[in-house]
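The C-terminal residue of the sequence shown carries number 144 in the numbering used here, and the numbering is unbroken.
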Amino acid sequence: MLVGTGANITLLRTDLAKKLKEQLIYETPNISLNTATGEKAEIHGKLDASIECGSRKFKHRIYVADITDPCILGLDFLQKFNFTVDLEKNEIRTGEEEIPLFSTSVQQHSKSCFVLAKEK
């Protein structure tokens with residue numbers, strides 16, 4: 025999962041959204057999506073899902089689109105739940121909990137963020 029301070033909304037890749045138990049709302053949102061490379065990407069719908077970050081779960085509206093990353097936590101999520109992004113310490117914080125940010129070169133961390141997928 026990517027923490028995207030340049031993303032206004034939280035996004036989930038289309039193939040992963042289809043695996044979630046939550047009901048995908050197929051309506052065309054009144055927003056357009058421009059990728060980091062400047063290309064336009066189609067938003068297929070939206071859903072309300074649980075996002076687990078560290079030891080807490082957060083219910084949040086997620087938009088479904090054809091993106092490369094599995095999920096992008098956008099500013100809407102970070103601001104709504106009062107997360108602090110600390111690039112010096114390479115972590116995000118909510119309350120007293122510190123959640124490490126890491127690159128793909130790091131193998132394991134005890135805390136992370138992910139969208140909870142449930143069997144249909």
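Heads up, the beta-carbon is just placed ideally off N, CA and C, and yes, glycines get one too.
Asked                                                                                                            : Found
Pick from 126, 97, 75 and 112 that is closest to residue 33, judged by C-alpha positions                         : 97
Residue 136 versus residue 54 - alpha carbon distance                                                            : Note that residue 136 scores 47 on pLDDT, short of 50, meaning its location in the model is unreliable; the coordinates nonetheless yield the value given after this. Whole-angstrom Cα-Cα distance: 31 Å.
In chain order, each beta strand (DSSP E) run of at least 3 residues that lies wholly inside the stretch 73-117  : 80-89, 95-97 and 108-110
Residue 30, buried or exposed, once every other Cβ within 10 Å from all chains shown has been counted against 16 : exposed
C-alpha gap between residue 62 and residue 93, whole angstroms                                                   : 16 Å
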